[in-house]
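Written below as structure tokens is the structure these notes are about.
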Amino acid sequence: MSRTGGTGGPAAPSVWPARLVILVAFLDLFMQFPIVAPYARSLGASPLMVGVVTAAYSATNLIGNLVAGPFLDRWGRKRPVQMGLLMTAAALVACAVARTADQLLMARVVHGVSAAVLTPGAFAMIGDVAGVDRRARAMGINGALIAAAAMTGPPVAGILRDRLGAGVVFLLSATLMLVVAALFARWADDPGAVSPRLPATPSPGRRSPWSRPRLVAACLAALALTVSLGTLVTHLPVALAARGEPSGRTGLAFTVYAVVAMAVMAGPPARWSDRS
Numbered sequence: 026m027s028r029t030g031g032t033g034g035p036a037a038p039s040v041w042p043a044r045l046v047i048l049v050a051f052l053d054l055f056m057q058f059p060i061v062a063p064y065a066r067s068l069g070a071s072p073l074m075v076g077v078v079t080a081a082y083s084a085t086n087l088i089g090n091l092v093a094g095p096f097l098d099r100w101g102r103k104r105p106v107q108m109g110l111l112m113t114a115a116a117l118v119a120c121a122v123a124r125t126a127d128q129l130l131m132a133r134v135v136h137g138v139s140a141a142v143l144t145p146g147a148f149a150m151i152g153d154v155a156g157v158d159r160r161a162r163a164m165g166i167n168g169a170l171i172a173a174a175a176m177t178g179p180p181v182a183g184i185l186r187d188r189l190g191a192g193v194v195f196l197l198s199a200t201l202m203l204v205v206a207a208l209f210a211r212w213a214d215d216p217g218a219v220s221p222r223l224p225a226t227p228s229p230g231r232r233s234p235w236s237r238p239r240l241v242a243a244c245l246a247a248l249a250l251t252v253s254l255g256t257l258v259t260h261l262p263v264a265l266a267a268r269g270e271p272s273g274r275t276g277l278a279f280t281v282y283a284v285v286a287m288a289v290m291a292g293p294p295a296r297w298s299d300r301s
């Protein structure tokens with residue numbers, strides 16, 4: 026959708042539809058943390074299968090992320106993100122109605138693939154609009170949204186699972202996806218579809234990513250965080266359930282992590298990054 030500014034010219038594209046996508050994508054992710062492993066156990070999954078079901082989302086999401094980048098550059102941002110929202114909603118419904126661990130595994134695979142385009146697409150839309158000197162701060166705001174999702178998602182999911190069952194959590198997440206899909210379709214612009222393309226051939230001074238120590242360090246840090254968080258998501262809910270703790274308590278445990286993350290991502294480090 027195109028909009029005009031007060032002078033009659035085209036207005037700068039708004040970033041709030043993309044930020045809604047980021048919020049709902051991570052809210053969906055964090056709502057899974059306290060429920061997926063116990064839900065898989067309730068469907069008869071072995072301890073090994075519980076790990077496979079939990080990891081299926083991340084594994085397929087990783088592959089999808091690698092494919093999503095070139096796809097978003099070629100076809101623009103809006104349509105792939107819109108399709109991802111709708112497919113993710115369908116996958117969440119499939120998770121809710123699964124009756125066996127195998128069915129849940131297949132739904133989680135589709136869930137991971139369909140959600141893979143959401144975060145890269147939304148971040149790309151914001152990066153297209155934000156000035157070079159404001160990108161780190163813009164990403165800091167995004168980080169605060171992620172932390173807010175991390176603070177609210179696990180406790181809400183845990184309480185709903187205790188009172189209404191895990192299926193309701195998946196259906197709530199699917200409903201949020203559909204609501205955001207409708208808002209995104211109505212209000213999102215697609216700066217990626219009209220921005221000038223980069224040259225097909227690399228510039229002479231372009232270096233390999235592996236020759237940039239800071240980039241390598243950032244990638245390794247992200248990998249370490251992902252591995253540690255995946256271990257926590259798989260084993261913490263099961264361990265607390267074995268001790269008789271309710272799912273709401275599990276959600277509260279994940280909130281402790283989120284509070285620290287929010288303080289870091291929305292605080293001074295975001296401004297320091299703009300200066301470095």
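Mapping of the sequence shown onto the working numbering: residues 26 to 301, in sequence order.
Just so it is clear, CB atoms sit at the ideal spot from N, CA and C, and this is done for glycine as well.
Query	Result
Over the uninterrupted alpha helix (DSSP H) stretch that includes I47, give me the two end residues.	W41 to Q57
Leaving out five residues on either side along the sequence, give the residues of the same chain with a beta carbon under 6 Å from the beta carbon of A266.	P63
Ignore the nearest five residues each way along the sequence and tell me which others in F148's own chain have a CB closer than 8 Å to its CB.	A43, I47, M164 and N167
To the nearest angstrom, report how far apart A175 and W235 are at their CA atoms.	32 Å
With a 10 Å radius around its C-beta and 16 neighbouring C-beta atoms as the bar for buried, classify I88 as buried or exposed.	exposed
Where in the stretch 51-128 do unbroken runs of the alpha helix (DSSP H), each at least 4 residues long, occur, reported from the N-terminal end onward?	61-67, 72-100 and 103-122
Would you mind sorting V241 into buried or exposed? The rule is 16 or more other CB atoms within 10 Å of its CB.	exposed
So L117 packs on F58, CB below 8 Å; how close in whole Å?	Incorrect: roughly 15 Å between the Cβ atoms, too far for contact.
Use the C-beta contact count for T200: other C-beta atoms within 10 angstroms, 16 or more gives buried, fewer gives exposed.	exposed
Taking just the CA atoms, how far does P262 sit from I60?	7 Å
Is it buried or exposed for A132, if we count other Cβ within 10 angstroms and need 16 for buried?	buried
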